[in-house]
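J.:
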Amino acid sequence: MGILLKDFQGSLPLYILLLCCLVDICQSLTSDGEALVNFRTSIISSDDVLGQWRPEDPDPCGWKGVICDSKTMRVISLNVSNHKLKGLISPDIGKLDHLKFLDLHYNNFYGEIPPELGNCTELQGLFLQNNYLSGFIPTGLGNLSNLQTLDISSNSLDGRIPTSLGNLRNLLTLNVSSNFLAGPIPTDGVFDQFGSNSFVGNSDLCGKQINKLCKDEVGNQQTTGNQNVKKNSGRLLISASATVGALLLVALMCFWGCFLYKKLGKNDAKGIAKDVSGGASIVMFHGDLPYSSKDIIKKLEALNDEHIIGAGGFGTVYKLSMDDGNVFALKRIVKLNEGFDRFFERELAILGSIKHKYLVNLRGYCNSPTSKLLLYDYLAGGSLDEALHENGDEQLAWETRVKIIMGAAKGLAYLHHDCSPRIIHRDIKSSNILLDGNFEARVSDFGLAKLLEDEESHITTIVAGTFGYLAPEYMQSGRATEKTDVYSFGVLMLEVVSRKRPTDASFIEKGLNIVGWLNYLVTEDRQREIIDGECEGVEAETSDALLSVAIQCVSPSPEDRPTMDRVVKTLESEVMTPCPSDFYDSASD
Ligand SMILES: Nc1ncnc2c1ncn2[C@@H]1O[C@H](COP(=O)(O)OP(=O)(O)OP(=O)(O)O)[C@@H](O)[C@H]1O
Ligand SMILES: *[C@@H]1O[C@H](CO)[C@@H](O)[C@H](O)[C@H]1NC(C)=O
Ligand SMILES: *[C@@H]1O[C@H](CO)[C@@H](O)[C@H](O)[C@H]1NC(C)=O
Ligand SMILES: *[C@@H]1O[C@H](CO)[C@@H](O)[C@H](O)[C@H]1NC(C)=O
Ligand SMILES: *[C@@H]1O[C@H](CO)[C@@H](O)[C@H](O)[C@H]1NC(C)=O
Ligand SMILES: [Mg+2]
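Under mature numbering (1 follows the signal peptide of the UniProt record, and there is no 0), the letters of the sequence shown match residues -28 to -1, 1 to 561, in that order.
What follows is the structure in structure tokens.
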């Protein structure tokens, strides 16, 4: 913003001219509409629900999921639940200050709940459940005095429950279940109305509502940490407007709105160009690539949002094509903290030194002042998550699934047993198993969870999307070991054979996850039912052997789980035994 302002003053006449052309178009969309356009900008993928949100409309009242008050034409309800929306919840949502209902549940939103929501004081219903939201619950939500329903269950929120929520006098329903909240449940105000059902499934909550005594600890007040992030830009704007005048401000807002709309989302790409322009250095690990730093930086500068291939808990992933046809995947992690660079570089050098057939190569990185850009080999087959769950009608054949499990096992075993120092992956899940063109699996993102956790200097063990893969003792203690990886690997095996995500709705309905379901089937001796009925070429013998390995891997107690070496050996002897392709087909029932 600051930079934009400066530019603006520099070439005032030019901009005024430009404005004259733009004002016409700009005037048309209401401020609520602009806030919604910004809301859309921070969403990187979805089914097509936001497709017909047309910024050239005079107001957003006809947009899908939006309801306006018929007199004031202000937005009073935004409901885009269950549309595969992936991205951050824009702080601009706080500008919708007539909003009564906000329903974003059942999507893939990650990042924090914006504290700006505390500005939507008319809110009566707030539904954010079943996303991947992390961080603290904003204390400002305690200002929403009209709130009747607050459901933020099934996310990855941590920290304490702010006592301010006790002020919500009109609250009828509260649900913070299935997060990673900790500390005492407040007892003031409205809190004594709610029973254990509102709080279940959190790692470390205590209090009379859930019949768990609190140890009297002098904990640090975590909940107040994240409130003051966005203040600076506001102050800058105010002082500038004092000197330049109100007219300019209005003009600027208008211009900026248009500018944003025109570039819908190109923000991030500009970010990269900015990242690398300010004194970035490139470090490559395997000396076998024929590019100079300059070549690479030039390519980085040309990246924009058309090159985005995915986003995860740590950042956005871009596809980077070099002139000679080589392709890489670039992971951009926005810097959270300065000052740990040497530590970071050393760890990266270790990760970069690892090379293995079943691991994704880290080729190098660019350490710019504002972000970290990690350069990986690009894998044409995408992630296992996509291959399993987003591939329409074409399901992976049994043989392919076995091959993928085998490869992933070997990659992980290498990290655990053959690397020096040994590496605990910490984030084994289907989106971190990538596939090459021949459906050979490669494990990606190893070591990253640790690296970024240390950097953030407080424990954020829970990465977006990981929920469901975590071993029970890991949820309790936050301490990762080889055996917690083995558990996650067991869950991954189950996901591959069943083609169901670990927290698939069909399990949740029964109050279980995939492991709970498996355990139930085992007690009834029906474990074969977990296998995907639509998978072609399932062989009873190998599937029994696979399941028995998976069952061991997801044992509740770490000592009962095999090591990854053991897993590989068992799979090799009992699952891969080449039964010379016998042509007869026993598939017909
Ligand atoms: N090297 C790569 N080659 C091809 N596609 C990739 C590569 N790395 C990542 N992707 C794609 O980008 C998506 C996002 O990756 P990313 O690692 O950022 O998130 P994630 O795996 O879902 O979560 P996490 O941040 O925990 O690793 C992946 O699901 C995959 O489709
Ligand atoms: C939002 O839409 C879904 C699906 O149409 C519906 O089930 C849900 O009740 C709506 N939420 C609100 C707050 O009206
Ligand atoms: C909205 O909320 C933010 C942070 O909570 C605050 O800084 C800002 O002043 C608020 N804006 C308005 C218009 O109230
Ligand atoms: C909530 O209300 C208090 C007092 O009315 C105010 O000081 C605070 O800034 C508000 N918080 C937010 C996030 O609006
Ligand atoms: C809260 O949500 C969980 C599922 O995440 C559900 O089991 C529980 O019954 C809900 N509690 C209330 C009070 O609605
Ligand atoms: Mg990943």
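Backbone N, C-alpha and C define an ideal beta-carbon position, used for all residues, glycine too.
Model, not experiment: these values are computed from the prediction.
What do you get for Gln101, buried or exposed, if any count of 16 or more other CB atoms within 10 angstroms of its CB means buried?
T.: Counting Cβ neighbours within 10 Å, Gln101 comes out buried, since at least 16 surround it.
J.: Anyone know if the C-beta pair for Asp277 and Ser343 falls short of 8 Å?
T.: No; because the gap between Cβ atoms is not below 8 Å, this pair is not in contact.
J.: Quick one: what does DSSP say Thr475 is sitting in, helix, strand or coil?
T.: Thr475: coil per DSSP, three-state reduction.
J.: Mind listing which residues have their beta carbon within less than 6 Å of any non-hydrogen atom of ligand 6? Chain order is fine.
T.: With the cut-off at 6 Å, the residues found are Gly284, Ser403, Asn404, Ser416, Asp417.
J.: Residues in the same chain with beta-carbon distance under 7 Å from Tyr459, minus the five sequence neighbours each way, listed in chain order, please.
T.: Around Tyr459: Ala443, Cys525, Val526, Arg533.
J.: Is Asn333 close to ligand 5? I mean its beta-carbon at under 7 Å from any heavy atom of the ligand.
T.: Incorrect: Asn333 has no Cβ contact closer than 7 Å to ligand 5.
J.: If you run the structure through DSSP and keep just helix, strand and coil, what is Gly206?
T.: Residue placement at Gly206 is poorly supported in this model, since its pLDDT is 41, which falls under 50; the coordinates are not used for a value here.
J.: Output the distance between the C-alpha atoms of Glu317 and Glu358, rounded to the nearest integer angstrom.
T.: In a straight line, the C-alpha of Glu317 is about 31 Å away from that of Glu358.
J.: I'd like the span of the beta strand (DSSP E) that includes Thr456, first residue to last.
T.: Careful: Thr456 lies outside any beta strand (DSSP E), inside the alpha helix (DSSP H) at 454 to 470.
J.: Within the continuous beta strand (DSSP E) that includes Cys178, where are the two ends?
T.: Looking at the DSSP string, the run of the beta strand (DSSP E) that includes Cys178 is 174 to 178.
J.: Would you say Gly354 touches ligand 1, meaning its beta carbon is less than 7 Å from a heavy atom?
T.: The answer is yes for Gly354.
J.: On the criterion of 16 or more Cβ atoms from any shown chain inside 10 Å, does Cys(-8) qualify as buried, or is it exposed?
T.: Here Cys(-8) scores only 39 on pLDDT, less than 50, and its place in the model should not be relied on; the value that follows carries that caveat. Flag for Cys(-8) reads exposed.
J.: Might you give, ordered along the chain, the residues of its own chain that have their beta carbon closer than 7 Å to the beta carbon of Tyr337, omitting 5 neighbours on each side?
T.: Result list for Tyr337: Val255, Leu320, Lys344, Leu345, Leu346, Leu347, in chain order.
J.: Provide the residue(s) that pair with Cys40 in DSSP beta bridges, ordered along the chain.
T.: Answer by DSSP bridge pairing, in chain order: Val47.
J.: Taking three-plus beta-carbon pairs below 8 Å as touching, is the region 483 to 498 in contact with the region 130 to 149?
T.: No contact exists between the region 483 to 498 and the region 130 to 149.
J.: Just to confirm my understanding: we take Thr475, look at its own chain, exclude 5 residues before and 5 after, and list those with CB closer than 7 Å. What are they?
T.: The residues are Phe439, Gly440, Asn485.
J.: Output the distance between the C-alpha atoms of Leu122 and Tyr290, rounded to the nearest integer angstrom.
T.: Roughly 36 Å separates the two Cα atoms.
J.: With DSSP run on the structure shown, which of helix, strand or coil describes Phe171?
T.: Looking at Phe171 - three-state DSSP - the assignment turns out to be coil, as it is neither helix nor strand.
J.: Give, in chain order, every unbroken run of the beta strand (DSSP E) that is at least 3 residues long and sits entirely within the region 61 to 100.
T.: Qualifying beta strand (DSSP E) stretches, in chain order: 73 to 75, 80 to 83, 97 to 99.
J.: Could you tell me if Leu185 is buried or exposed, where buried requires 16 or more neighbouring beta carbons within 10 angstroms of its beta carbon?
T.: Burial call: exposed.
J.: So, with DSSP's three-state summary, where would you put Pro3?
T.: Residue identity check: residue 3 is Ser in the sequence provided, not Pro. Note: Ser3 maps to helix in three-state DSSP.
J.: With H, G and I counted as helix, E and B as strand and the rest as coil, what does DSSP make of Gly483?
T.: Gly483: coil per DSSP, three-state reduction.
J.: Buried or exposed: which applies to Lys43, given that a residue is buried once 16 or more other Cβ atoms fall within 10 Å of its Cβ?
T.: Flag for Lys43 reads exposed.
J.: List the endpoints of the continuous beta strand (DSSP E) containing Ser416.
T.: First-last for Ser416: undefined, no H or E at that position.
J.: Is Asn147 near ligand 5, in the sense that its beta carbon is under 7 Å from a heavy atom of that ligand?
T.: Yes; taking the cut-off as 7 Å, the Cβ of Asn147 has a heavy atom of ligand 5 nearer than that.
J.: Report the rounded CA-to-CA distance for Ile133 versus Pro156, giving the unit in angstroms.
T.: Cα to Cα, the separation comes out at about 8 Å.
J.: Have a look at the DSSP bridge pairing and note the partners of Met256.
T.: Beta-bridge pairing links Met256 to Gly336.
J.: Between which residues of its own chain and Ser150 is the CB-CB distance below 6 Å, once the five residues before and five after are set aside?
T.: Correct list, in chain order: Ser125, Ser126, Gly173.
J.: Applying the 10 Å Cβ sphere with the 16-neighbour rule, what's the burial state of Arg451?
T.: Exposed.
J.: Tell me which residue opens and which closes the alpha helix (DSSP H) that Val540 is part of.
T.: Val540 -> alpha helix (DSSP H) spans 536 to 546.
J.: Heavy atom of ligand 5 less than 7 Å from the Cβ of Asn169, yes or no?
T.: Answer for Asn169: yes, Cβ within range of ligand 5.
J.: On the three-pair Cβ rule with 8 Å, is the region 53 to 63 touching the region 14 to 23?
T.: Contact between the region 53 to 63 and the region 14 to 23 is present, because at least three Cβ pairs lie under 8 Å.
J.: Quick check on Asn192: does DSSP put it in helix, strand or coil?
T.: Confidence is the limiting factor: at Asn192 the pLDDT is only 40, short of 50, which leaves the residue's position unreliable and the question unanswerable from this model.
J.: For Tyr386, which residues from the same chain have a beta carbon less than 6 Å from its beta carbon, with the 5 sequence-adjacent residues on both sides left out?
T.: Excluding positions up to five away in sequence, the list reads His328.
J.: What I want to know is whether the C-beta of Ser125 ends up closer than 7 Å to one or more non-hydrogen atoms of ligand 5.
T.: Checking the Cβ of Ser125 against ligand 5 gives yes.
J.: Let me know the secondary structure DSSP gives Tyr492 once reduced to three states.
T.: Here Tyr492 sits in helix by DSSP.
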